[in-house]
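For reference, the structure discussed in these notes is given below.
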Amino acid sequence: MKCDLFIKERNGNMTVTGNLVGEVMKEIRGNETQLRFGFDFGVGRETISKYENGRSKVPVDISKSIVEKFDDPKFALAVQHQYTGTGPIWLNGPNVDLHRCSVREKTIEELQEALDSITSTSLAKPSDAIEHFERKNIMDMIEEAVEAATALANFIAVTTEHLGISYTGVWMDHYKYLQKAGFIK
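Here it is, written out as structure tokens:
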């Protein structure tokens, strides 16, 4: 799902524009004033301004409250990316078609590429016995898996958003299943 994302450097770290928590928060806020928006979360207008402009990080409790109130998958992905520097991000580059049918087709393509790569890559050797060319194949496999994870994250986000399905509800149901199945405590 390679696409040209807008990347800039901020405080010595690479960030992807359009995926910063403050930028997405500003989109969510829409025409509502910073004062009114902040009131809903127990903070002042100045604090909301600092969050939106990237001068302050949005605390976890406020991020969680915003996710719960707005059920916005783009914000949830931005929070994960900004605070961990990892994980799938909202695709917003010029080569991205976010219509749910296009996202579905691209996700199938990325999943198939990842499955093919995983199937054809051996992980049987001990790590200290892996040759340079085998390590490259493993890195290529991991890259395909990461691309598939990004495609799936965007597929879930786009589909839930377009069809009015609760994004957080889907994840809560999944966590309940994992717990019931004994995969998490």
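According to the working numbering, the sequence shown is numbered sequentially starting from 52.
Positions of the beta carbon are idealized from the N, C-alpha and C atoms, including for glycine.
A quick note: this is a predicted structure, and the numbers were derived from the prediction, not measured.
Item	Value
For residue 146, the three-state DSSP class (helix, strand or coil)	coil
For residue 199 and residue 165, the rounded distance between their alpha carbons	6 Å
Boundaries of the alpha helix (DSSP H) in which residue 82 is found, first to last residue	Element bounds for residue 82: n/a, residue is neither H nor E.
Cβ neighbour criterion (16 or more within 10 Å) applied to residue 205	buried
Spatial neighbours of residue 92 in its chain, beta-carbon cut-off 6 Å, leaving aside the 5 residues before and after	113 and 116
Under 8 Å between C-beta atoms of residue 162 and residue 202	yes
For residue 186, the first and last residue of its enclosing alpha helix (DSSP H)	183-214
Which listed residue (107, 83, 130 and 125) has its alpha carbon closest to that of residue 149	125
Residue 169 beta carbon less than 8 Å from that of residue 196	yes
Residue 216 to residue 122 span [Cα, whole Å]	9 Å
Local conformation of residue 229 per DSSP, three classes	helix
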